[in-house]
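Asker: Here's a structure for you.
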Amino acid sequence: MNTRNPTMSLYCGTFFRRKSFECYRLLSTYVTKARYLFELKEDDEACRKAQQTGVFYLFHDLDPLLQASGHRYLVPRLSRAELEGLLGKFGQDSQRIEDSVLLGCSNQQEAWFALDLGLKSASSPRVSLPKSEMEAELGGSFIKLRQAVFQLSSADSSLLFTAQALLRWHDNHQFCSKSGQPTQKNMAGSKRVCPSNKIIYYPQMAPVVITLVSDGARCLLARQSSFPKGLYSALAGFCDIGLSGINLSVCR
Ligand SMILES: [Zn+2]
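Next up, the structure:
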């Protein structure tokens, strides 16, 4: 006797077809975005064009611009026109926008950039814009990211930490370690090149390990004195070259 329920079979078939279509759509969107970002990293003109329609996250000396909203922080994003207006008020031209670094893009290929207007450059005449005047102009505050992390959404904090790490890397790699000459950022900020000996520098990846020690009901946490009040962390550390997995039980 055939015990299959034709209605159930039809339902399952439709469900799995829909699921596989959804998976295909997500994969397709991911690939499209990855290709677009790769193009922006490799092609300065394409990236310059993306800056026309993109949005900008502002930083001052590596602190992001945030706006308080109740107990939360919102992260303002400026359009190109808004950014040009701001720069104009502080006597800067739109050339400064090319100091920005690419962070990612939306599914609709709206590019996201981060720009620090507080960092000075040792290799160019770039000036630090006054923080308090900018805050008054923008209706927000430049706040230490670690202090604000619990008042941000996880998506915002992830993006801002990425932006901060990339901005810091550029600030720390303005000169070639071999020739001492100033290095130049490509438009997207995915690399820096020394014009004198053509060495290319890429942002560093730092391998880390994080471990949660638990007896099932409880877990071991630690904190540094620099952490904000109430912040505890699982044990974590950076991996040195050649460090074996066994030695990673040491928390630095
Ligand atoms: Zn060099």
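Going letter by letter, the sequence shown gives residues 72 to 323 in the numbering used here.
Don't be surprised by glycine CBs; every beta carbon is placed ideally from N, CA and C.
#1: Look at Pro278 and Cys310 and say whether their C-beta atoms are less than 7 Å apart.
#2: What I want to know is whether the C-beta of Ile270 ends up closer than 6 Å to one or more non-hydrogen atoms of ligand 1.
#3: Taking the DSSP output, what are the residues bridged to Tyr128?
#4: Measure from the alpha carbon of Leu133 to the alpha carbon of each residue in Leu237, Arg289, Ser250 and Leu306, then state which is nearest.
#5: Which whole-angstrom value is the C-beta distance of Ala293 and Leu306, which I expect to be below 8 Å?
#6: Report the three-state DSSP secondary structure of Gln218 (helix, strand or coil).
#7: Taking just the CA atoms, how far does Leu216 sit from Arg323?
#8: If we require 3 or more residues per run, which beta strand (DSSP E) segments fall completely within the stretch 108-153?
#9: Taking its Cβ as the centre, do 16 or more other Cβ atoms sit within 10 Å of Pro196, making it buried, or is it exposed?
#10: May I have the straight-line CA-CA distance separating Thr74 from Lys90, to the nearest angstrom?
#11: Please determine if the stretch 92-112 and the stretch 254-273 are in contact, where contact requires at least 3 C-beta pairs separated by less than 8 Å.
#12: What residues are listed by DSSP as bridge partners for Lys256?
#13: With DSSP collapsed to three states, give me the class of Val284.
#14: Tell me whether Gln255, by its Cβ, gets closer than 6 Å to a heavy atom of ligand 1.
#15: Relative to ligand 1, is the shortest distance from any of its heavy atoms to the C-beta of Lys262 smaller than 6 Å?
#16: What I want to know is whether the C-beta of Gln252 ends up closer than 6 Å to one or more non-hydrogen atoms of ligand 1.
#17: What residue from Tyr101, Pro274, Ile214 and Leu108 has the CA that sits closest to Gly189's CA?
#18: Decide yes or no for the touch test of the stretch 126-140 against the stretch 225-239: beta carbon pairs closer than 8 Å, at least 3 of them.
#19: Does ligand 1 have a heavy atom nearer than 6 Å to the CB of Arg120?
#20: Distance, Cα to Cα, Leu129 vs Asp286?
#21: State buried or exposed for Arg88, treating a residue as buried only when at least 16 other CB atoms are found within 10 Å of its CB.
#22: Just mark Leu332 as buried or exposed, buried being the case when its beta carbon has 16 or more other beta carbons within 10 Å.
#23: I need the straight-line Cα distance from Cys94 to Thr124, nearest angstrom please.
Answerer: According to the structure shown:
#1: For the purposes of this step, residue 278 is taken as the residue at position 207 of the sequence shown. For the purposes of this step, residue 310 is taken as the residue at position 239 of the sequence shown. For Pro278 and Cys310, yes; Cβs fall inside 7 Å.
#2: Looking up residue 270 in the sequence shown gives position 199. It does: the Cβ of Ile270 is within 6 Å (strictly closer) of some heavy atom of ligand 1.
#3: Here residue 128 refers to the residue found at position 57 of the sequence shown. BP columns for Tyr128 point to Ala185.
#4: By one-based count along the sequence shown, residue 133 stands at place 62. Taking the Cα of Leu133 as reference, the smallest distance to any Cα among Leu237, Arg289, Ser250 and Leu306 is reached at Leu237.
#5: For this step, residue 293 is matched to residue 222 along the sequence shown. For this step, residue 306 is matched to residue 235 along the sequence shown. The pair is a contact, with the Cβ atoms about 6 Å apart (cut-off 8 Å).
#6: To locate residue 218, count along the sequence shown from 1; it is residue 147. Helix, per DSSP.
#7: Your numbering for residue 323 matches position 252 in the sequence shown. Your numbering for residue 216 matches position 145 in the sequence shown. At Arg323, the pLDDT of 39 sits below 50, so the modelled position is not reliable; the number obtained from the coordinates is stated separately. When rounded, the distance between both Cα atoms is 22 Å.
#8: Taking only runs of at least 3 residues, the beta strand (DSSP E) segments lying wholly in the stretch 108-153 are 126-131, 134-140 and 143-145.
#9: Taking the sequence shown and counting its residues from 1, the one referred to as residue 196 is at position 125. Residue burial annotation: Pro196 is exposed, with fewer than 16 other C-beta atoms found within 10 angstroms of its C-beta.
#10: Taking the first residue of the sequence shown as position 1, residue 74 is located at position 3. Taking the first residue of the sequence shown as position 1, residue 90 is located at position 19. Annotation note: pLDDT 48 at Thr74 (below 50); position unreliable, coordinate value reported separately. Rounded to whole angstroms, Thr74 to Lys90 spans 25 Å at the Cα level.
#11: In short, these stretches touch, since the Cβ pair count reaches three.
#12: One-based indexing of the sequence shown puts residue 256 at position 185. Arg263.
#13: On the sequence shown, position 213 is the one that residue 284 refers to. Three-state result, Val284: strand.
#14: Within the sequence shown, residue 255 is the residue found at index 184, counting from 1. Not so, every heavy atom of ligand 1 lies at least 6 Å from the Cβ.
#15: Walking along the sequence shown from the start, residue 262 turns up at place 191. It does not: the Cβ of Lys262 is nowhere closer than 6 Å to a heavy atom of ligand 1.
#16: Along the sequence shown, read from residue 1 onward, the residue named residue 252 stands at position 181. Yes.
#17: The residue given as residue 189 occupies position 118 in the sequence shown. Residue Ile214 is the option with its Cα nearest to Gly189.
#18: With a cut-off of 8 Å on Cβ pairs, the stretch 126-140 is in contact with the stretch 225-239, counting three or more such pairs.
#19: Within the sequence shown, numbered from 1, the residue matching residue 120 stands at position 49. Checking the displayed sequence, the identity of residue 120 turns out to be Lys instead of Arg. For Lys120, the CB stays at least 6 Å from every heavy atom of ligand 1.
#20: Counted from its first residue, the sequence shown places residue 129 at position 58. Counted from its first residue, the sequence shown places residue 286 at position 215. Distance between Leu129 and Asp286, taken at the CA atoms: about 43 Å.
#21: In the sequence shown, counting from the first residue as 1, residue 88 sits at position 17. With fewer than 16 other Cβ atoms from the protein chains shown falling within 10 Å of its own Cβ, Arg88 counts as exposed.
#22: Shown here, the chain extends from 72 to 323; a query on residue 332 therefore has no answer.
#23: Residue numbering aside, residue 94 sits at position 23 when the sequence shown is read from its first letter. Residue numbering aside, residue 124 sits at position 53 when the sequence shown is read from its first letter. One Cα belongs to Cys94, the other to Thr124, and the distance between them is close to 29 Å.
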